[in-house]
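Chemist:
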Amino acid sequence: MDKVNFTAKMDISSIKNNTNRWVNIAKTFEKHTREYPFDTFKVSETPNGIDILNINSKTKQDALVNFENENLKELLSITDIAIVQRFKNLLSLFEKRDKCYEKTQKYLANERLKQTSSPIFEDKVWDSAVNKIQKEKNKITKSDEILKNTKIYL
């Protein structure tokens with residue numbers, strides 16, 4: 000059975016700098032993410048900033064977001080709720096990716112059953128799915144200077 004948190008969680012156990020600020024961000028994050036009960040943001044410091052590994056316990060999908068030093072400074076210069084809103088935008092992107100990939104897998108499985116599939120056809124379908132998610136990513140990041148400069152690995 001899947002573990003349900005009833006809200007997204009933020010694991011900041013490895014954060015050593017700005018811990019009080021990250022505790023407040025985590026509390027705010029968990030208050031405002033009821034629509035993402037299967038997600039956990041694992042925040043860890045790196046020599047160049049922070050990495051956030053998002054893990055969805057239901058889909059078993061993950062994503063990595065990297066805020067490098069200057070970008071991290073920009074992120075931490077805004078309010079906690081503004082940070083959480085950006086994190087929610089990322090969660091929305093990850094959810095759309097999961098749904099798109101699940102739909103693509105089901106479609107291709109059905110095509111295989113009908114024996115109308117081929118490796119070239121499947122590559123084209125996957126390319127289309129990846130392009131769709133890339134467009135969603137661009138839509139979320141293009142008008143947000145902080146997210147625009149963030150590395151998001153889907």
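No gaps in the numbering here: position 82 of the sequence shown is 81 in numbering that gives the first Met the number 0, and each next residue is one more.
For glycine and all other residues, C-beta sits at the position ideal for the given N, C-alpha and C.
(1) Return the first residue and the last residue of the alpha helix (DSSP H) that Ile-139 is part of.
(2) Is Asp-143 helix, strand or coil when you go by DSSP?
(3) I need the boundaries of the alpha helix (DSSP H) containing Lys-87, first residue and last residue.
(4) Around the Cβ of Asp-38, are there at least 16 other Cβ atoms within 10 angstroms (buried) or fewer (exposed)?
(5) By the DSSP assignment, the alpha helix (DSSP H) with Ala-25 in it spans what residues?
(6) Does the Cβ of Thr-18 have 16 or more other Cβ atoms within 10 Å, making it buried, or fewer, making it exposed?
Modeler: In terms of the structure at hand:
(1) Translated into positions along the sequence shown, residue 139 becomes position 140. For Ile-139, the enclosing alpha helix (DSSP H) begins and ends at 118-140.
(2) To locate residue 143, count along the sequence shown from 1; it is residue 144. The answer is coil: DSSP assigns Asp-143 none of H, G, I, E or B.
(3) What you label residue 87 is simply residue 88 of the sequence shown in a count that begins at 1. Annotation: the continuous alpha helix (DSSP H) that includes Lys-87 extends over 79-112.
(4) Numbered from 1 along the sequence shown, position 39 holds the residue referred to as residue 38. Flag for Asp-38 reads buried.
(5) Reading the sequence shown from its first residue, position 26 is the one you call residue 25. Unbroken alpha helix (DSSP H) run through Ala-25: 18-30.
(6) Translated into positions along the sequence shown, residue 18 becomes position 19. It counts as exposed.
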